[in-house]
Amino acid sequence: MSASWSVMRFLYFRHKIKYFKSRRHHICFNPNAYRSIQCGIRHSSYTASLSRLLNKNDNFELASVQLPRAGRCANSVITDKRGPASVTHRQSRSFHFSQTTQDSSKKTKVNKPSREKDVVTYDVKTPKGEKKDTNCPLPTGYSPLYVEAAWYDWWVKEGFFKPDTRGSDISDPFVICLPPPNVTGNLHLGHALTNSIQDAIVRWHRMKGETTLWVPGCDHAGIATQVVVEKKLWREKQLTRHDLGREHFIEEIWKWKNEKGEVIYDQMKKLGSSLDWERAKFTLDEPMNKAVTEAFVQLHDAGLIYRSDRLVHWCCHLKSTISDIEVENMELSGRTLLDVPGYQDKVEFGLLHSFAYPVEGSDEEVVVATTRLETMLGDTAVCVHPEDDRFSHLHGKFVTHPFEDRRLPIIQDEFVDKSYGTGAVKLTPAHDHKDYDVGRKHGLPMVTILADDGRLTNVSAEFQGMKRFEAREALIQSLSQKGLFRGTCENPMVLPLCSRSHDVIEPRLKEQWFVSCKEMAQQALEAVRSGELEIHPAMYQSDWYNWLGDIRDWCVSRQLWWGHRIPAYLAKTEVDNRGQWVCAESEASARTKAAQLMDCPPGEIVLQQDEDVLDTWFSSALFPFAVFGWPDKTDSLCKFYPTSLLETGHDILFFWVARMVMLGQKLTGELPFKQVLLHGTLRDAHGRKMSKSLGNVVDPVDIIRGISLDGLQKQLLESNLSKAEIKKAMEGQRSDYPEGIPECGTDALRFTLCSYNFKAQEINMDVTHVKSYRHFCNKIWQAFKFVTMNLGENFQPRSNFKIQEEGNKVDQWIVSRLCHMVQSCDQSFRSHDLHWVTKSLHQFWYMDLCNVYLESVKPVLWDLDSPHRDVVNQTLWLCVNTALRATSPFMPFLTEELYQRLPRSPESLSRSICIAPYPEPSEYPWRNLVSESEMDTVLQIVNKSLSIKKEFNIGKMRPQCFVQITEHNCDLHELEHYRDVISTLSRCDNTQFVESRSDIPDGCVANIVNQHYTVHLLLKNLLNPDVEKTRLQKRLEKVIASLEKVTASQEKRGSKTSPDIQQRYMDKALAYRKEIGEIQATLKTLDKFR
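Going from the sequence shown to this note's numbering is simple: count from 1 and add 1177.
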């Protein structure tokens, strides 16, 4: 049947005859299909081209060709020599529709075949790493599974992602490190955004011929990973980490890491990330351990790391300090009940409790208020403003504590707001950040009342050992009994929560290791001020100055088992039992240091290593140079450090970026990168933060491959979420993805993510946008198939092709648009405005090439004898070759699949599109603004013509078109070259340019194009006014009913609805009113045709 299919392809692609049924030795075509699309193909050309094709297929012969009459189709009978059956083919020919009429009430129903949407896969046996077979025919439509098969392994095996260091000049390589994702689980869309942005930039630099390196990694994520594994251990075995012990618990985490780490890397590969996998680093690998230990010891020896008893963020549930970034602030408007780990009942927050402190030696009292009543057991002073006259007589006096044997001094400080509350403030320096600063300033004692687990300690027996929030209720009762409680009222507040455990954070004094940041922060500030380090978008520079200018020392101790154990040892002797801390690379080195410090023999030293581990951000801050072998002077460190660019989310500008800059400058003497590029926070289509409990966290692989709603909800059931969270998340999924998520493919996902302006602070991601770009992928696919089918197997691109000399107006226009696309892409890539690059690519592929140029040149391509055919083919090859390379950084799989099938000469194409040269503006000097301006006018004429046809429901008919020149200064012949283009694109029978209104026949409908042109379509005898009027009246009634319904709903809901919903109602009503006006205008026009 190969010959049969050749004939079918000819009939469909050359003459738009649609195949609808096929049997052995018998092919039938719908003889009426696409009649309106034909564009005046000469009958002799049609016969000759059909005969030429059939001569190549011995099984067929051309039996007869019957010339058409006006209003009819040409008939061609093709007989199959192998059997009695025949192929009947009708070819539409240009004719005047004025000879026929249409009764829109009589529509011929065309039976179309029912197509099952089978998933097309690549089934050719290809060993891993071998090149994909591109000799097999392309599937009918774009299939992500087919396209994405086999390519990635081949890219990796061929070494396309490695830096090309064979050349002598690698003085300015482009190097970037992927922010290492946490090993806690699968990647989410936020990671996909990061990968897509960085890979597009990396591929662009690689295609520009630069030595390019993108380094992958994975972060051990101390707290997050330990929490996940602890939950898993309890859920599966009802064991805690203490039941297992430190060594066995760490073994369990390594099992988790080995499982999840591979999943994460596999997801990155599915995303097409062009990473150099041989350089992948896990932050607990031995080389990273060496770097972390060396960095800690160097900073300690330089006096920049010290141990101190200071205030930290404490999570009672984790029994550990946590970093600032792991604190989530919840805003409460008033009384709120919340679940807190370790409590069966919900706990009240958002309340302000007032109580009185008796003034010593008098009947007076000082009333204070607090949202954390339990902390009053640790109060050590009462503070008033020095200029507050209400308390001036109490300066220097004391109040007595009702439960503790303590006198609390009444001190004065300007930090007190006289107008807030009673004007007096209780001070708990050991459990509040502001109180801590005031306490240090005034030399107040620091009384710690919370143990590691959140129970009260160092308090009177009445409250000793109580849970902190149970003590709150007990204190209200005890204060009331003593006559000191003054009441409770609602109070808006911000409640700090642990992002990992959702426990309420407690400020707490703890002896920990701290990094002194002032000196390093000043160097980091100066780097940005001087322009040595660039931060984009520039709006984040002010945040950089504010945060580093007021930086606090960084607590790096964590009370965990999973992480880099702090290389600090408490050295004791029989003489010095209190001991001294020493920091060293090993225990042996620590013993030697301690012996020198304590002036005793090493054998007398007893060492105990600190049980704590380092903050994960400490090891992450070393990543840009540790991955290249620091502290050793490796070849990679010399070649690739400092890196070129850091791209990451703006939310970790301080917690990661600033710390990398500070430690990089201090430990290596250089900035770790030259530029910082920040992207916004990815949110869902409703603008909500991505959260597992909302059900809007989506695995990018689920978008790539598609997943049902049941599949999504099964993932929730297998997660670590609580039952309440799972229920809430399932409701969210049912609302957002009632039909699940369709298969969209990697290229569509990447292109979608890069199409957003990622420099904005927030990015609302809608999965339906990915589906839309999947259709765009299919558009490219179909365009490529059409172009290569017309190029033929023997086509060769000409190196001496001169478009300016050989091409006509339309050819010159498309090449000018190609030049514009290349220039726009280059400019926007340089400024990292990827959304403008994707917009330029979409505009060229979808509008310029497919919707305009390909449609315009179809008559030339269908005419095999046209002398202009080679010019069109050369132009198409130039456009497709260039556009594929320009699109490749965003759609690597699709472009590779098509690029490998593009006809080529030995010097015209590269081995892979990954290393093909990216289009350079200097290579495309054919921009023609005059041609583009003329074509803009042509397209306006076409759109106005199509608008008339749509308005009168005659889309399939081909009326005559008259373009009237309404401006006397316009040249009548200015657009003559575009006559056929206008006829083709507007699907009109004939286009004429006229100067006078008298040259336009009666029965035309006009539409003003601009001040220079008006288009007229001859509709007389093409439509039945009565039938059209009936149809429009029915439509008008429906639209009026819809408008009334929307208006009634709007009035009923009134101001109760949100502004967004109100605006939606207004937009709908406006659209309905506009449609009503258009229908009424059309009804008036129809009276002309009676």
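Just so you know, even glycine gets a beta-carbon here, dropped at the ideal spot from N, CA and C.
Query	Result
Using beta-carbon positions only, say whether VAL1392 and ASP1443 come within less than 8 Å of one another.	no
Near HIS1713, what residues of its chain come up, given a Cβ to Cβ distance below 8 Å and the 5 sequence neighbours on each side ignored?	GLN1852, VAL1853, LEU1854, LEU1855, LYS1936, HIS2009
Less than 8 Å separating the beta-carbons of VAL1602 and CYS1560?	yes
In the structure shown, what three-state DSSP assignment does ALA1925 receive?	helix
So, ASN1967 versus ASN2050, is the Cβ gap smaller than 8 Å?	yes
Thinking C-beta only, is PRO2066 closer than 8 Å to TRP1381?	yes
Tell me the rounded alpha-carbon separation between LEU1550 and GLY1527.	12 Å
Between GLU1564, ARG2135, LEU2209, SER1637, which has its C-alpha nearest HIS2193's C-alpha?	ARG2135
Quick one, which of GLU2214, MET2243, GLY1555 has its alpha-carbon nearest GLU2228's?	MET2243
CB ALA1546 to CB THR1599, shorter than 8 Å?	yes
Let me confirm a value: PHE2170 is counted as buried when at least 16 other C-beta atoms fall within 10 Å, else exposed. Which label applies?	buried
Looking at the structure shown, is ASP1590 part of a helix, part of a strand, or coil, going by DSSP?	coil
With distances taken from CA atoms, which of PRO2202, ALA2246, ARG2212 is nearest LYS2261?	PRO2202
Expressed to the nearest angstrom, what Euclidean distance is found between the alpha-carbon atoms of PHE1532 and PRO1915?	54 Å
Can you tell me which residues form a DSSP beta bridge with TRP1731?	VAL1692
Roughly how many whole angstroms lie between the Cα atoms of ILE2238 and HIS1365?	30 Å
If you count every other CB in all the chains shown that lies within 10 Å of the CB of ASP1879, and 16 or more means buried, which is it?	buried
According to the neighbour-count rule (16 or more other Cβ atoms, all chains shown, within 10 Å of its Cβ), is GLY1449 buried or exposed?	buried
Residues in its own chain within less than 7 Å of GLU1471 by CB, not counting five upstream and five downstream?	GLU1762, PRO1808
Using only CA atoms, which one of LEU2263, ARG1927, SER2219 lies nearest to LYS2206?	LEU2263
Consult DSSP for HIS1856 and reduce its assignment to one of helix, strand or coil.	strand
Less than 8 Å separating the beta-carbons of MET2068 and PHE1963?	no
Quick check on the burial criterion: 16 or more other C-beta atoms within 10 angstroms. Buried or exposed for SER2110?	exposed
Please classify GLU1824: is it buried, with 16 or more other beta-carbons within 10 angstroms of its beta-carbon, or exposed?	buried
Could you name each continuous beta strand (DSSP E) segment of 3 residues or more that falls completely within the region 1648-1731, going from the start of the chain to the end?	1662-1667, 1670-1675, 1683-1692, 1711-1713
Starting from the Cα of ALA2063, find the closest Cα among ARG2081, SER2017, ALA1457, VAL2158 and give me that residue.	SER2017
Would the beta-carbon of ALA1745 fall within 8 Å of that of ASP1787?	yes
In three-state terms, what does DSSP make of HIS1530?	strand
Helix, strand or coil for LEU1898, going by three-state DSSP, please let me know.	coil
Between which residues of its own chain and GLU1407 is the CB-CB distance below 8 Å, once the five residues before and five after are set aside?	THR1417, ARG1418
On the three-state DSSP scale, how would you describe GLU1781?	helix
Using the DSSP secondary-structure output, state which residues sit across from PRO1535 in a beta bridge.	GLU1542
Sort PRO2236, PHE1575, LYS1434, ASN2167 by Cα distance to GLY1362 and report the nearest one.	LYS1434
Since CYS2165 and SER2099 should fall inside the 8 Å C-beta cutoff, what is the C-beta to C-beta distance between them, to a whole number of angstroms?	Their Cβ separation, rounded to whole angstroms, is 41 Å, which puts CYS2165 and SER2099 out of contact at 8 Å.
Roughly how far, in whole angstroms, is the beta-carbon of LEU1571 from the beta-carbon of VAL1593, given that I think they are within contact range, below 8 Å?	The pair is not a contact, with the Cβ atoms about 13 Å apart (cut-off 8 Å).
Buried or exposed for LYS1458, please, with buried defined as at least 16 other CB atoms from any protein chain shown within 10 angstroms of its CB.	buried
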